[in-house]
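In full-length UniProt numbering, the protein residues as written are 1 to 161.
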């Protein structure tokens, strides 16, 4: 686990809020001059704290009006069944997230589709037709109010000397 001081945390929070911020603006926000700020960003990238930069795309702007979470229970829990399932769903553009989970289901999928008919087709043709799938359950997302900002999670800050 990386040791982060308060300046590192401020840099990360600013980058999470605006990944396109200039180094000059970022340095001003966190109270550094540009060169040390740039060095810290480089260190955070090299140590894997910052994995990359990406654009957030609006699914609605691309014609995807419905987001659902689909829980999937496999017929049996085995490496072969998991491999078969993952191979079958690989490359499905509707699936934006696939999570292996604990509990009474095996996988949780975030799925974006155009409309209810596209959802029905996806569930019956793409998921329930996979031989190792025993059961699916679909939950429509009505509203999403949280972000994936890791710095909102309390963490132990360590000072550097």
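Beta carbons: idealized from backbone N, C-alpha and C, even for Gly.
Note that this is a predicted model, so its numbers are computed, not measured.
Residue closest to residue i, alpha-carbon to alpha-carbon, out of the options
i	options	result
residue 32	50, 13, 16 and 8	8
residue 82	94, 98, 140 and 68	98
residue 3	121, 140, 40 and 109	40
residue 92	102, 109, 101 and 80	109
residue 114	68, 20, 29 and 107	68
residue 29	45, 12, 42 and 55	12
residue 117	37, 46 and 64	64
residue 105	55, 6, 10 and 74	74
residue 59	90, 94 and 10	94
residue 1	52, 44 and 57	44
Cα-Cα separation, residue i to residue j
i	j	result
residue 18	residue 50	14 Å
residue 133	residue 72	7 Å
residue 111	residue 145	17 Å
residue 85	residue 26	44 Å
residue 15	residue 96	23 Å
residue 62	residue 121	19 Å
residue 77	residue 125	22 Å
residue 46	residue 70	36 Å
residue 5	residue 53	22 Å
residue 79	residue 38	44 Å
residue 56	residue 103	31 Å
CB of residue i within 8 Å of CB of residue j, strictly
i	j	result
residue 138	residue 128	no
residue 66	residue 119	yes
residue 23	residue 34	yes
residue 130	residue 88	yes
Close beta carbons around residue i, own chain, < 8 Å, minus the five adjacent residues each side
i	result
residue 153	Reliability fails at residue 153, whose pLDDT of 38 lies under 50, so the model's placement of it is uncertain and no value is given.
residue 123	70, 136 and 138
Contact test: residue i Cβ vs the ligand GDP heavy atom, cutoff 7 Å
i	result
residue 8	Summarising the ligand content, the structure contains no ligands, and the ligand GDP is consequently not present.
Close beta carbons around residue i, own chain, < 6 Å, minus the five adjacent residues each side
i	result
residue 140	68
residue 101	108
residue 164	Absent from the structure is residue 164, since the part of the chain shown begins at 1 and ends at 161.
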